[in-house]
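I have placed the structure first, in the form of structure tokens, so that the comments after it can refer back to it.
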Amino acid sequence: MTLLALLTTALLFGGMVLYSFGFAAFLFTALPADVAGPTIRRAFPHFYLFVIVTAVIAAGLVWQADPFSAALLTFIAASTIPTRQVLMPAINAATDTGSKSRFKWLHGASVIITLMHIGLSGWVLARFMPLA
């Protein structure tokens, strides 16, 4: 069970890093802005759903071995729900209405949340390492 917890947490960490620093950046360099924007908008709900489901599974798998790590993973999942259901639509609305300052503030908040999630999942991964 611990190996599955480690692999699932690694999938969460790697998926968030790849999406945030690879896929999103790639879209805006490979596609025109008028295509990249709508494409990333369509991808984000799936990304957030991936984070929620993977974090919940990892939390369930690690619970008996490390309740603290399970709590961190549960926090990631729980805090992703309002990010997906409230913050993401607000970012989209700011884009649609041309509210650049609101978009920058909301997008900045989403970036901070995602970086926090990456850091927390990295912390969980580090907790799998035995102390030398």
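FYI, the working numbering numbers position 115 of the sequence shown as 177, with every residue one higher than the one before it. Even for Gly, the Cβ is constructed at its ideal location relative to N, Cα and C.
Within this structure, are the beta carbons of residue i and residue j separated by less than 8 Å?
i	j	result
Leu74	Ala140	no
Val186	Leu135	yes
Leu182	Phe109	no
Val113	Met78	yes
Arg146	Ala156	no
Ser82	Thr176	yes
His169	Ile180	no
Ala86	Ile102	yes
Ala67	Ala127	yes
Would residue i count as contacting chain C if we go by Cβ distances under 8 Å?
i	result
Gly77	Given the protein chain composition of this structure (a single chain), no chain C is represented.
Please state whether DSSP places residue i in a helix, a strand or coil.
i	result
Pro94	coil
Asp128	coil
Pro192	coil
Which residues bound the alpha helix (DSSP H) around residue i?
i	result
Thr176	162–189
Leu68	64–79
Thr26	In this structure the chain extends from 63 to 194, so residue 26 is not present and cannot be described.
Considering only the alpha carbon of each residue, which of the options lies closest to residue i?
i	options	result
Ala188	Phe130, Leu168, Ser161, Ala155	Phe130
Leu65	Ala133, Gly122, Val97	Gly122
Ile143	Val115, Trp167, Ala120	Val115
Thr71	Phe90, Pro107, Ile119	Ile119
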